[in-house]
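Count along the sequence shown from 1, add 35, and you get the number used in my numbering. Notes to accompany the following structure.
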Amino acid sequence: MFTLVIGGAASGKSEYAEARALSLPGKRVYLATMRPSDGECLARIEKHRLRRADRDFETVEQYIDLDSAPIPAGANILLECVGNLLANEVYEPNGGGSDAVLHGINTLLSWCRHLTVVTNEVCSGGADYDESTLFYLRELARVNRALAAQADSVVEVVCGLPHFWKGAP
């Protein structure tokens, strides 16, 4: 099974995805993709760590190259989030671009029992961006479309409320 959870900033998508993953039986792996590069990133990472501190997740930090992530076969994986992973794959010297993101997610699907992927809603926040940002937004939109087509369930979270675009709750 593959569930794609999409939403804007502070929409409640992470909380929803964590609750969904916790409802599944078996081993749970939280696959964290945000590189701790500055104070803001460190604060967001700490917020997420504190929220799941007493929950039954094994955390694996993997910033690029999902194919090499040390994930036990048959685990339920929560990948948080595609936006960070794509930025890493696009802008880091050893990154493989958007195709590496899609390939890596397909690899995870072949290993796991259930995959829950969190991603950001894009292109509704404005249009006055530089070319590099527009490239990133277009690539994230392309990746999101590909993932939505492949997912068994697509859930958009707005104000903490899930809306199912594909599949059933």
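The C-beta atom is built at its ideal place from N, Cα and C for all residues, glycine as well.
- For ASN155, the secondary structure class from DSSP, reduced to helix, strand or coil, is strand.
- The DSSP assignment places 149–155 as complete runs of the beta strand (DSSP E) inside the segment 113–172, in order along the chain (cut-off: 3 residues).
- In this structure, TYR65 and GLU115 form a Cβ contact; the two beta carbons are roughly 7 angstroms apart against a cut-off of 8 angstroms.
- Cβ neighbours of GLY195 within its own chain (closer than 6 angstroms, five residues either side excluded): GLY47.
- CA-to-CA, the gap between TYR98 and LEU121 works out to about 9 angstroms.
- One thing to note: GLU53 has its Cβ within 8 angstroms of the Cβ of LEU113.
- The C-beta separation of GLY118 from LEU175 comes to about 6 angstroms, placing the pair in contact by the 8 angstroms criterion.
- Judged by their CB atoms, LEU182 and THR154 are nearer to each other than the 8 angstroms cut-off.
- Straight-line spacing of the CA atoms in ARG148 and PHE199 works out to 21 angstroms.
- By the C-beta density criterion, LEU85 is exposed, having fewer than 16 other C-beta atoms within 10 angstroms.
- For the options GLY139, SER49 and ARG177, the alpha carbon positioned closest to that of LYS82 is the one of SER49.
- One alpha carbon belongs to LEU57, the other to ARG63, and they sit about 8 angstroms apart.
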